[in-house]
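Working notes, beginning with the structure itself.
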Amino acid sequence: ETGVTQTPRHLVMGMTNKKSLKCEQHLGHNAMYWYKQSAKKPLELMFVYNFKEQTENNSVPSRFSPECPNSSHLFLHLHTLQPEDSALYLCASSAPAGYEQYFGPGTRLTVT
Amino acid sequence: QKEVEQNSGPLSVPEGAIASLNCTYSDRGSQSFFWYRQYSGKSPELIMFIYSNGDKEDGRFTAQLNKASQYVSLLIRDSQPSDSATYLCAVKSRGNQFYFGTGTSLTVIP
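Same order as they appear, the protein sequences are chains A and B. Add 18 to a position in the first sequence, counting from 1, and you land on the number used in our numbering. Add 4 to a position in the second sequence, counting from 1, and you land on the number used in our numbering.
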């Protein structure tokens, strides 16, 4: 595996389900990010982890819970989502935080 | 006021022409600036980054930064049909905050 990988690539979940998105980077980077991309809206930064420590949390609802066990792995735990949470969720990594980011392929999430 | 503004386009240029993409940002303390290309159904791909005022060239791409005017641009020389995509401007603000524009859609006509 090279670059940044994300699983699953597609996810359909009900509003009462609990699921997790996984991201793994193979670039030797120290920072990882979660973004949300909705139609007609700019990419929205959700969370930033630098050397496993969360440095940014942009007022994201608590139904989204990030986890960063090490510099190579990032998770986004989802529970009791709303239909408006349907979007493309992108993971990115950079050397340390603040430098150019490299994105994974994304997870297309649909909440029914 | 949006943090990062781009013309949504669409911008159409003939093959071989220069495509000029523009971006303005609101936070005067912004430190780093990035251009990404995003094909339909794909994730953003880094094209260029620029930290200092002036021009930075990489192959057919030139990024231009003017911090006094809070303006950053991307020039694509000898545009190819494969350059047809949405181009996203991103700005690193204070801390580790990144703001993206909504993107400019570029079509290169053969």
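All C-beta atoms in this analysis are idealised placements derived from N, C-alpha and C, irrespective of residue type, glycine included. Remember, predicted model here, so these are calculated numbers, not experimental data.
Under the three-state reduction of DSSP output, S16 of chain B falls in the strand class. Residue state for P79 of chain A is assigned as coil, using DSSP reduced to three classes.
Apart from the 5 residues on each side of it in sequence, A89 of chain B sits with its Cβ closer than 7 Å to the Cβ of R41, Q42, Y43, L110 in its chain, given in chain order. In the DSSP assignment, P84 of chain A is bridged to A:L94. Y53 of chain A counts as buried, since at least 16 other C-beta atoms from the protein chains shown sit within 10 angstroms of its C-beta. Nearest in C-alpha terms to S36 of chain B, of all of B:Q84, B:V112, B:V8, is B:V8. For Q43 of chain A, no CB of chain B lies under 9 Å from its own CB, so it is not counted at the interface with that chain.
Rounded to whole angstroms, C86 of chain A and P18 of chain B show a C-alpha spacing of 46 Å. Restricting attention to beta strand (DSSP E) runs no shorter than 3 residues, the stretch 46 to 97 of chain B encloses them at 49 to 54, 58 to 62, 65 to 70, 75 to 80, 89 to 96, ordered along the chain. Per DSSP, the unbroken beta strand (DSSP E) holding K40 of chain A starts and ends at 36 to 43.
Listed along the chain, the chain B residues whose CB falls inside 8 Å of the CB of K59 of chain A are T106. Your pair I113 of chain B and A23 of chain B does not check out as a contact, with CB atoms roughly 11 Å apart and the cut at 8 Å. With its beta carbon less than 9 Å from one in chain A, G99 of chain B belongs to the interface. Taking a Cβ-Cβ threshold of 9 Å, none of the residues of chain A is close to S77 of chain B; the smallest such distance is about 18 Å. V66 of chain A belongs to the set of residues whose beta carbon lies under 9 Å from a beta carbon in chain B.
Any Cβ of chain B closer than 9 Å to the Cβ of G46 of chain A would place that residue at the interface, and such an atom is absent. With respect to V22 of chain A, C41 of chain A sits close: the two C-beta atoms are nearer than 9 Å.
Contacts with chain A at 9 Å (Cβ-Cβ) do not include V17 of chain B.
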